[in-house]
Amino acid sequence: MADFMEKVDSFTKEYSPICKEACAFDPALFEEHGVKRGLRDKNGSGVLAGLTQVSLIKSQEIKDGKTIPCEGELLYRGYDIHDIVGELVSSGFLGYEEVAYLLLVGELPTKAQLSRFKSVLNDCMALPTNFVRDVIMKAPSRDMMNTIARSVLTLASYDDNAGDISLENVLSQCLMLISVFPMLSVYSYHAYNHYENDESFYIHRPAPELSHAENILRMLRPDRSFSALEAQVLDIALILHMEHGGGNNSTFTTRVVTSSGSDTYSVMAAALSSLKGPKHGGANIKVVEMMRDIADNVRDIKDDEEMEAYLARLLDKDAFDRKGLIYGMGHAVYSISDPRAEIFKGFVEKLASAKHRDDEYDLYSSVARLAPKVIAEKRRIYKGVSTNVDFYSGFVYSMLNIPLELYTPIFAMARIVGWSAHRIEELVNADKIIRPAYDSLIDRRSYVPLGERQ
761 MADFMEKVDS FTKEYSPICK EACAFDPALF EEHGVKRGLR DKNGSGVLAG LTQVSLIKSQ
821 EIKDGKTIPC EGELLYRGYD IHDIVGELVS SGFLGYEEVA YLLLVGELPT KAQLSRFKSV
881 LNDCMALPTN FVRDVIMKAP SRDMMNTIAR SVLTLASYDD NAGDISLENV LSQCLMLISV
941 FPMLSVYSYH AYNHYENDES FYIHRPAPEL SHAENILRML RPDRSFSALE AQVLDIALIL
1001 HMEHGGGNNS TFTTRVVTSS GSDTYSVMAA ALSSLKGPKH GGANIKVVEM MRDIADNVRD
1061 IKDDEEMEAY LARLLDKDAF DRKGLIYGMG HAVYSISDPR AEIFKGFVEK LASAKHRDDE
1121 YDLYSSVARL APKVIAEKRR IYKGVSTNVD FYSGFVYSML NIPLELYTPI FAMARIVGWS
1181 AHRIEELVNA DKIIRPAYDS LIDRRSYVPL GERQ
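In this text, residue positions in the sequence shown follow our numbering: the first is 761, and each later residue adds one.
Right, dumping it as C-alpha cells:
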C-alpha cells in the first residue's frame, strides 16, 4: 500500500499543475459569453430554472416602477413563516410534523389528519434488523454526511421497490427517510465517538409519543433527558431549515437528479453530498469557529471601535482563516433581512439566558450589529447585508450540547422534508431531464499518433 500511494502521490504532484493549466481560463470570458456564474446575476438573483408551489422567498418589491430591496419573507405553501412559528409558540405545540405535512401535502392538517400523519411517521421510525451493527458500526467516520449518505444508499438494498418512481412509492420512501434520518445521524455519531474517541456506545430507540425534536435529543443524550425549552428551540430550528425554495444547491440537486428518473435513495444521497459542502450546509460551523477567534483576539467585545477593527481585518484576509469573509453575514437572496434569522434570534436569546451564556450572545449581537456597516465600507455590494440563519444555528446547537460533527446532519434532518416536496413536484410536473448548455472555448486540433508525440 505504501509503494502504491508513493506512486500516486508522485504522479499527482507532477500532474496537478498541468491539469490546472489545462482547465483554467480568463474569468472575464464568463461575462463576454453572457454566462451568469453560479446561475446568478450581478445582484445575486438566481437564473429562473423552474416553477414551484412549495415555498416562496421574497427579498425585493416593485415601488414606483423600480425594483427595490425589502424585508425578507419566507412562505411555506403560501403561509408566512412568522405566522406559522407564532401560532405554534402561542399554542405550545412542537410543530415539525405539522409543517412537514404542510410542505408535503400542500395544506395545513386537521387534528385528525395530523394525528394520522404522526402515527405514520412513528411507524416508519425503524431501521432494518441488524442495520446498526452491519452498516452503521462498520467503518465509522468523522464525516457524518458521508456516513449518512452511505446508509441511505444501503437502505435501497432492503427495499424491493427501490427503483419504483410512482408517486405513491416515492411518497412512502420519503416518509421513511424523513423518519429515520435522525437515527442514521445520531447512531453514526455514537459509533464514531466510540471507536475514535473511546467513549461509551449506546443506542436509545426513539419514543413514539415524542416529537421529532424530542427524539433527537433523547437519542443523543446518555440520560435521554431534555428540557421543554431545549426541545422547543430545536423544533424551531428544524422548521426554519426545512425548506428554502428550489434554487438552493441541495434542492436544485434533488430536482436535477430526480429529472433523470433516478430512485429516491440516490436522489437523497446526492442532496446530502451537496449539503455537506462548506459553501452550503457547513456555514454554521465556520461561524462558531470565527466567533471563538473573535473572542480570543478582541479584548473588549463591548468596544465598538475595537470590534469594527477586527471585523475589518477579517475582510482584509488578515485574521481567522484569511478567506476575507464574515461568516453568517449576507445571503444569496435576502438583503435587508433573513426572516429565519429574525425569528430565531429571540429563541437564541432565551436559550442563552437559560444556559447562562449571555456573554456569548452579546458577542453574536455585537457582530450582527456592526458587520453590515463594516462590509458596506469595505466591499462593493449590490444589495444590503444582514445576518442569515446560519449565523445563530451553530451557537444554538452548541448550547444544546450537540456535537460539531452533527451540525450539518441536523440541517439535513430538517431539509429532507423540502427535498421530498420538491422531488414529488418535479416528478408530477416535469417530463424532461434538466440539461443546461455550456459554451466551449476549445480550438480544433489535428490528432497526433502516439509514436509522433513529443
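Ideal Cβ positions, reconstructed from N, Cα and C, are used throughout, including at glycine.
Computed from a prediction, not measured in an experiment: that's the story for all the values here.
Which residues does DSSP list as the beta-bridge partners of Ile-828? Per DSSP, Glu-821.
Report all residues from its chain with a CB closer than 8 Å to the CB of Ser-1019; omit the five preceding and five following residues, and keep chain order. Glu-1186, Ala-1190, Lys-1192, Ile-1193, Ile-1194
What are the partner residues of Tyr-839, as DSSP defines its beta bridges? Tyr-836
Chain D beta carbons: is any one of them nearer than 7 Å to that of His-972? Considering every chain present, this structure includes no chain D. It has just one protein chain.
Per-residue DSSP class, three states only, for Ser-815: strand
Since Ala-1174 and Leu-998 are thought to touch, with beta carbons under 8 Å apart, how far apart are those beta carbons, to the nearest angstrom? 4 Å
Could you check what DSSP says for Met-1051 in three-state terms: helix, strand or coil? helix
So which of Lys-796, Ser-875, Gln-813 has the shortest CA-CA distance to Ser-805? Relative to Ser-805, the option among Lys-796, Ser-875, Gln-813 whose CA is nearest is Lys-796.
Rank Leu-1111, Leu-1032, Leu-1160, Met-1089 by C-alpha distance to the C-alpha of Pro-1132 and give the top, closest one. Met-1089
If I follow the unbroken alpha helix (DSSP H) through Gln-1214, where does it start and stop? No alpha helix (DSSP H) contains Gln-1214, which DSSP labels as neither H nor E.
Three or more C-beta pairs under 8 Å: does that hold for the stretch 938-953 against the stretch 904-912? yes
Can you tell me whether Met-936 is buried or exposed, with buried defined as 16 or more other CB within 10 angstroms of its CB? Buried: at least 16 other Cβ atoms inside 10 Å.
Let me confirm a value: Gln-1215 is counted as buried when at least 16 other C-beta atoms fall within 10 Å, else exposed. Which label applies? No statement about residue 1215 is possible, as the shown extent of the chain runs from 761 to 1214 and does not include it.
Residue environment, Gln-933, which counts as buried when at least 16 other CB atoms sit within 10 Å: buried
Can you tell me whether DSSP reads Met-897 as helix, strand or coil? coil
Threshold first: 4 residues or longer. Then list the alpha helix (DSSP H) segments lying entirely within the stretch 1062-1106, N to C. 1064-1075
Roughly how many angstroms separate the alpha carbons of Ile-1170 and Pro-942, rounded to a whole number? 8 Å
Measuring alpha carbon to alpha carbon, tell me which of Pro-1196, Glu-1003, Thr-870, Glu-1109 ends up nearest Leu-799. Pro-1196
Confirm, please, whether the CB-CB distance from Leu-863 to Val-1149 is below 7 Å. no
Limits of the alpha helix (DSSP H) - the one that Glu-858 falls within: 856-865
Rounded straight-line distance, which links the Cα of Glu-1165 to that of Val-849: 29 Å
Cα-Cα, which of Glu-858, Val-814, Met-1050, Lys-826 is closest to Arg-837? Val-814
Label Asn-975 either buried or exposed according to how many other C-beta atoms from any shown protein chain fall within 10 Å of its C-beta, with 16 as the threshold for buried. buried
So, at 7 Å on beta carbons, what are the nonlocal neighbours of Thr-1147 in its own chain, with the 5 sequence-adjacent residues on each side left out? Gly-1088, Met-1089, Asp-1098, Ala-1101, Ala-1128
Short Cβ contact (7 Å threshold) for Ser-819 with Val-1093: yes
Can you give me the C-alpha to C-alpha distance between Gly-1037 and Ile-1135, rounded to a whole angstrom? 24 Å
Note down, in chain order, each residue of its chain lying with its Cβ closer than 6 Å to the Cβ of Gly-1005, except the 5 sequence neighbours on either side. Ser-815, Ile-817
Does Ile-1202 pass the burial test, meaning 16 or more other C-beta atoms within 10 Å, or should it be called exposed? exposed
Would you identify the three-state DSSP class for Thr-870, choosing helix, strand or coil? Under the three-state reduction of DSSP, Thr-870 is assigned to coil, being neither helix nor strand.
Are the Cβ atoms of Ser-1095 and Pro-829 separated by less than 7 Å? Yes, the pair counts as a contact, with Cβ atoms nearer than the cut-off.
Buried versus exposed call for Val-1208 [16 or more other C-beta atoms within 10 Å across all chains shown]: exposed
DSSP beta-bridge partners of Arg-1223: The question about residue 1223 has no answer here: the residues shown for the chain are numbered 761 through 1214.
From the DSSP secondary-structure annotation, give me the bridge partner or partners of Thr-1218. Given a span of 761 to 1214 for the chain in the structure shown, any question on residue 1218 remains unanswerable.
Determine the burial state of Leu-1071: buried for a count of at least 16 other Cβ atoms within 10 Å of its Cβ, exposed for fewer. buried
What distance in whole Å lies between the Cβ atoms of Ile-1061 and Asp-1122, which are believed to be in contact at a cut-off of 8 Å? 7 Å
Ignore the nearest five residues each way along the sequence and tell me which others in Ile-1184's own chain have a CB closer than 8 Å to its CB. Leu-864, Leu-927, Val-930, Leu-931, Cys-934
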